[in-house]
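Q:
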Amino acid sequence: STAWSQLSTRPTDSTSRIAVLSSAQALANGLRTASSAIGDQWTSTRTNALDVVDEANATLTQIADLNRVIQATVSRGNPANELMDQRDVLVASLSQSLGATATDTTDGMVDVVVAGNTLVSGFGVSRLGVTGGTSATTMGTAPVTLSIVPGGSVLQPGGTLGGLLSTMNTVLPGYQTKLDGVAMAVKDGVNGLVKTGYDQDGAGVTDFYAGSGARDLTVLVTDPRRVAASATPPVITGGVVTNASADGGLADKVAQLATAPGGADATYRSMITTLGIESRSAISLSTTAASVLKQVDESRLSVSGVSLDEEMTNLLVFKQSYAAAARVVTAIDEMLDVLINKTGLVGR
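Sequential numbering from 1006 applies to the sequence shown in my numbering.
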């Protein structure tokens, strides 16, 4: 890449050596920033999930309370259409947030089911809680789940929450893994070469980068003279080094890492391309589902007191899941776009 390429043609030039260190620092900082942004997005997504569950619990309680009032009203032979309409609105909100469905039972009441688990039965209500991973450091190792609390079954919700859980458990860990792969390709590729070369004083060198992933990638070299650029050992005449750093062959090899097939740069650009495709796809699917949902909802509202049918429930789940995914993927896309524009090629 540019800085290492310049050093390969001017191995004794201090400005070129400083440029290599500056560029390497910018790259490491950029990868750490990107990793931190993914972690922040995970934390924000979990907060959103907690809010969705809190609201869902309140809605479940309201539905059970309405069941009680409707049952009493119907048992006295009085109409309860208005109350049922209120309850339908609440069920609709749960369909969006959890992928819930409602089944008519006796005396005008409904049961509310999420992922095969009955959460409202008559007047009875089960509470939900977010369990599993609690911080971004557990991302990818401790899945975040929705459970009946305390100590109940784990549910696989649809709707908004399904999208949020998928984001925390699959989407974000996936991109963190890819970003870590880029960081390790940079670290291992550069370290593997520089340890075979020599610095400006003709001395052998150790690692250039350190870190276990994108979140902690750092540059170990701080002295420009310690940057390995030469591939040939120094000639020592009479105990004096006479041709230290006489060639830039090693710097040229490092520069070529940027364009090597399957290297860090190729991996990074592949990730960016995939991310862009997924972002556009999620946005498109969400928009399409929202359009169809609007038409179905308008038809439903033209008939008072009609519960959500299966078609509408599926559309709500579909739309909300993709909307959640689209927001997150777009955020990552924008963040990584800033990174690649600030640091240029990965191997730079």
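C-beta: ideal position from N, C-alpha, C; glycine also. Since the structure is predicted, the reported quantities are computational estimates derived from the model, not experimental observations.
Going by other Cβ atoms of all chains shown within 10 Å of its Cβ, with 16 needed for buried, is R1073 buried or exposed?
A: That one is exposed.
Q: Within its chain, find whatever has a CB closer than 7 Å to the CB of L1198; leave out the 5 residues flanking it on each side and keep chain order.
A: L1255, K1258 and V1259
Q: Cutting at 6 Å between CB atoms, please list the residues of its own chain near S1010, excluding the five before and the five after it.
A: A1260
Q: When DSSP labels each residue in this structure, what does L1160 get in the three-state scheme?
A: strand
Q: Compute the Euclidean distance between the alpha carbons of G1145 and S1040, then round it to the nearest angstrom.
A: One C-alpha to the other measures close to 14 Å.
Q: Tell me which same chain residues have a C-beta within less than 8 Å of the C-beta of S1140, skipping the five on either side of it?
A: T1048
Q: Pick out the complete beta strand (DSSP E) segments inside the segment 1099-1156, 3 residues or longer, and give them in chain order.
A: 1106-1109, 1115-1119, 1122-1126, 1132-1137 and 1149-1154
Q: Could you give the distance in angstroms between the alpha-carbon of G1113 and the alpha-carbon of Q1091?
A: One C-alpha to the other measures close to 13 Å.
Q: Contact between the segment 1022-1030 and the segment 1080-1087 is defined here as three or more beta-carbon pairs at a separation below 8 Å; is this criterion met?
A: Segments in contact, no.
Q: Evaluate T1175 with the Cβ neighbour count: other Cβ atoms within 10 Å of its Cβ, from every protein chain shown; 16 or more gives buried, anything less gives exposed.
A: exposed
Q: Using the three-state DSSP reduction, which class does G1209 fall into: helix, strand or coil?
A: strand
Q: Determine the closest residue to V1210 out of M1189, V1187, G1216 and S1235, with distance taken between C-alpha atoms.
A: For V1210, the nearest C-alpha among the options comes from S1235.
Q: In the DSSP assignment, find the unbroken alpha helix (DSSP H) run with S1041 in it and report its ends.
A: S1019 to S1080
Q: Can you tell me the Cα-Cα spacing of V1130 and N1053, whole angstroms?
A: 23 Å
Q: Less than 6 Å between C-beta atoms, sequence neighbours within five positions excluded: which residues of the same chain meet that for G1137?
A: A1147, P1148, V1149 and T1150, listed in sequence order.
Q: Less than 6 Å between C-beta atoms, sequence neighbours within five positions excluded: which residues of the same chain meet that for G1044?
A: A1141
Q: Is it right to say S1013 is buried, meaning 16 or more other beta carbons lie within 10 angstroms of its own, or is it exposed?
A: buried
Q: According to DSSP, V1224 sits in a beta bridge with which residue or residues?
A: DSSP lists Y1214 as partners of V1224.
Q: Which residue marks the beginning of the alpha helix (DSSP H) containing I1196, and which one marks its end?
A: One detail in the question is off: residue 1196 reads as Asn in this sequence, not Ile. Here the alpha helix (DSSP H) through N1196 covers L1177 to V1199.
Q: Kindly identify the DSSP beta-bridge partner or partners of S1171.
A: According to DSSP, which records beta bridges pairwise, S1171 is partnered with nothing at all.
Q: Return the bridge partner residues of S1235 from the DSSP annotation.
A: According to DSSP, S1235 bridges with Y1203.
Q: In whole angstroms, what separates the C-alpha of V1187 from that of V1159?
A: 35 Å
Q: Just the Cα atoms here: how many angstroms apart are T1201 and A1120?
A: 58 Å
Q: What is the DSSP secondary structure of A1085, reduced to helix, strand or coil?
A: coil
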